[in-house]
């Protein structure tokens with residue numbers, strides 16, 4: 117005989133399909149709700165001939181988890197009480213179950229199970245989403261990105277080396293190549309390199325965006341090798357100038373790419389420290405050039421060895437970049453998202469990839485994908501930020517720091533100070549200031565270091581002016597002049613040296629970053645060129 121459906125069993129079923137209602141019932145379970153699903157669990161255990169589905173298995177696990185948990189927990193005690201109450205109702209509900217046909221009962225349980233599983237899935241997905249958006253509790257390891265940054269700073273080492281390579285040997289070069297006493301020719305040996313650097317820096321942004329950061333480093337190493345070989349083997353002034361022009365092209369290409377690369381591959385909490393490594397590498401390059409040039413007065417033709425030595429770090433840079441990570445920012449900009457994630461994993465670790473990609477997508481949001489035009493940087497909407505960057509580099513060079521690096525031997529010799537000893541002290545002051553800047557960069561900020569650096573340089577110049585005014589008074593003014601120059605180099609290395617190259621990639625939008633750096637560095641090299649060309653004539 118056909119039995120009519122029991123209204124009590126179906127009345128316990130919620131009348132809404134809203135997953136939020138089911139979520140509330142799961143997080144704050146009521147006795148009726150738990151009793152209903154526990155009853156289905158018990159009936160299927162006691163009636164194995166009924167049709168079972170994967171939904172029933174998940175309900176079994178859900179109900180059994182209530183009794184496996186710690187019984188001393190308050191919420192689990194409430195669930196245990198609910199379980200006791202549903203056992204009291206089991207007999208009544210079971211009698212009503214017999215009044216249903218097997219097919220009707222199975223359909224009813226399946227519908228209830230599907231709605232419960234949907235609610236569980238919603239809860240699990242929302243939990244996973246929240247987990248993926250929670251910031252990482254700790255910073256990524258700096259050790260992963262450090263080797264890549266060290267290789268990149270080889271370009272800055274070469275930059276410093278070629279700035280100082282003609283400082284000590286300039287007199288020997290002019291004697292061997294037949295232009296001794298010609299201050300204009302001596303200035304050209306220095307400034308031709310700077311003219312080539314202007315050309316290289318002008319195109320550095322387009323090269324870095326076109327072929328990537330790694331290949332840009334390799335391209336900057338190639339003309340440095342060619343130019344060094346030409347300068348080391350030449351027997352004429354023209355050959356020396358052509359070799360210096362090639363070297364300068366690589367010098368101009370390297371520093372902007374190094375600033376971009378270090379900013380883009382380093383973790384945020386050590387970005388300032390890594391940026392200071394660029395200045396430290398430049399100092400080491402200058403000191404290396406001065407150290408290699410020490411025997412130039414005793415050994416004839418030693419200046420050629422000075423140029424040959426520079427090919428070694430250039431070759432290391434070109435080869436080591438094969439094994440370094442590409443900039444994830446550049447890969448993401450090219451639409452190569454999976455490769456960007458792989459590089460982030462190499463640089464930051466697997467647990468920080470999602471956070472880094474989310475920050476990268478957020479920083480690139482709203483940026484246009486079309487090509488950046490030069491007019492947009494010079495008088496378009498980005499003119500103000502490019503003007504600020506160019507002014508920083510102009511003030512850096514107008515301070516006269518590179519006149520010290522290029523011609524310190526000549527200046528000290530005219531003042532009666534042994535050039536070798538003075539150059540050693542200049543190198544030590546430069547390196548010491550750079551190390552202090554590395555320690556303070558991420559603690560006190562870029563702006564404060566920059567302000568105090570220019571203030572210290574102004575005081576140093578005042579000391580040198582005072583010493584020059586009382587030059588005839590004896591050795592006291594001489595010591596004051598040398599001390600003022602050493603203080604000038606020290607305070608320059610504290611902020612005016614490292615900050616502009618680090619600050620500008622941080623403030624430029626990612627769309628214009630490479631090309632804006634190219635424009636700002638071009639201003640740097642134009643002023644540097646005239647300093648190298650005219651300083652000796654002004655000194656006379």
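Residue numbers (our numbering): 117 to 656. Even glycine gets a Cβ: it sits at the ideal position worked out from N, Cα and C. A quick note: this is a predicted structure, and the numbers were derived from the prediction, not measured.
| Check | Outcome |
| --- | --- |
| Touch check for the segment 540 to 558 and the segment 491 to 508: three-plus C-beta pairs under 8 Å? | no |
| Around the C-beta of residue 156, are 16 or more other C-beta atoms found within 10 angstroms, so that it is buried, or is it exposed? | With a pLDDT of only 47 at residue 156, under the threshold of 50, the placement of this residue in the model should not be trusted; the figure read from the coordinates follows. With 16 or more Cβ atoms within 10 Å of its Cβ, residue 156 is classed as buried. |
| Leaving out five residues on either side along the sequence, give the residues of the same chain with a beta carbon under 6 Å from the beta carbon of residue 420. | 348 |
| Would residue 259 be called buried (16 or more neighbouring beta carbons within 10 Å of its own) or exposed? | exposed |
| Here's a check: name, in chain order, each residue in its chain whose Cβ is nearer than 8 Å to the Cβ of residue 412, leaving out the five neighbours to either side. | 284, 285, 288, 418, 419 and 422 |
| Could you tell me whether the Cβ atoms of residue 305 and residue 427 are closer together than 8 Å? | no |
| Can you give the beta carbon distance from residue 312 to residue 365, rounded, assuming they're within the 8 Å contact cut? | 4 Å |
| For the putative contact between residue 641 and residue 310, defined by C-beta atoms under 8 Å, what is the C-beta separation to the nearest angstrom? | 6 Å |
| Ignoring anything shorter than 4 residues or poking outside the segment 387 to 472, list the alpha helix (DSSP H) runs there in chain order. | 387 to 408, 418 to 425, 427 to 436, 444 to 449 and 453 to 464 |
| When the distance is taken between beta carbons, is residue 519 closer than 8 Å to residue 639? | no |
| Cβ atoms of residue 607 and residue 569: under 8 Å apart, would you say? | yes |
| Rounded to whole angstroms, what is the Cα-Cα separation between residue 646 and residue 307? | 7 Å |
| Short of 6 Å in beta carbon distance, which residues of its chain neighbour residue 270, apart from the five on each side in sequence? Order them along the chain. | 429 and 433 |
| If you follow the alpha helix (DSSP H) that residue 371 is in, where does it begin and where does it stop? | 353 to 381 |
| Can you name, in chain order, every residue of its own chain whose Cβ lies under 6 Å from the Cβ of residue 650, other than the five neighbours on each side? | none |
| Going by C-alpha to C-alpha distance, which of 644, 276 and 636 sits closest to residue 397? | 276 |
| Could you pull the start and end residues of the alpha helix (DSSP H) that residue 333 belongs to? | 329 to 349 |
| Is residue 648 helix, strand or coil by DSSP? | helix |
| Can you tell me whether DSSP reads residue 498 as helix, strand or coil? | coil |
| Output the boundary residues of the alpha helix (DSSP H) element that contains residue 276. | 270 to 280 |
| If we count the other Cβ atoms within 10 Å of its Cβ and call it buried at 16 or more, is residue 563 buried or exposed? | exposed |
| Cutting at 7 Å between CB atoms, please list the residues of its own chain near residue 441, excluding the five before and the five after it. | 264, 381, 459, 462 and 463 |
| Would you identify the three-state DSSP class for residue 478, choosing helix, strand or coil? | helix |
| In three-state DSSP terms, what is residue 549? | helix |
| Quick one: give me the first and last residue of the alpha helix (DSSP H) that residue 621 is part of. | 615 to 623 |
| Where do the N-terminal and C-terminal ends of the alpha helix (DSSP H) with residue 611 fall, by residue? | Note, residue 611: premise wrong, no alpha helix (DSSP H); not H, not E. |
| Do you know whose CA, among 644, 337 and 490, lies nearest residue 513's CA? | 644 |
| Does the beta-carbon distance from residue 621 to residue 379 come in below 8 Å? | yes |
| Residue 562 by DSSP, collapsed to three states: which one? | helix |
| With DSSP as the reference, label residue 259 as helix, strand or coil. | helix |
| Determine, using beta carbons only, whether residue 99 and residue 407 come nearer to each other than 8 Å. | A query on residue 99 cannot be resolved here, the shown segment of the chain reaching from 117 to 656 and no further. |
| Give every residue of the same chain whose Cβ lies closer than 6 Å to the Cβ of residue 613, excluding the five residues on either side of it in the sequence, and list them in chain order. | 395 |
| Is DSSP giving residue 640 helix, strand or coil here? | helix |
| Leaving out five residues on either side along the sequence, give the residues of the same chain with a beta carbon under 6 Å from the beta carbon of residue 369. | 316, 320 and 336 |
| In terms of alpha-carbon separation, which member of 602, 594, 611 and 578 lies closest to residue 567? | 611 |
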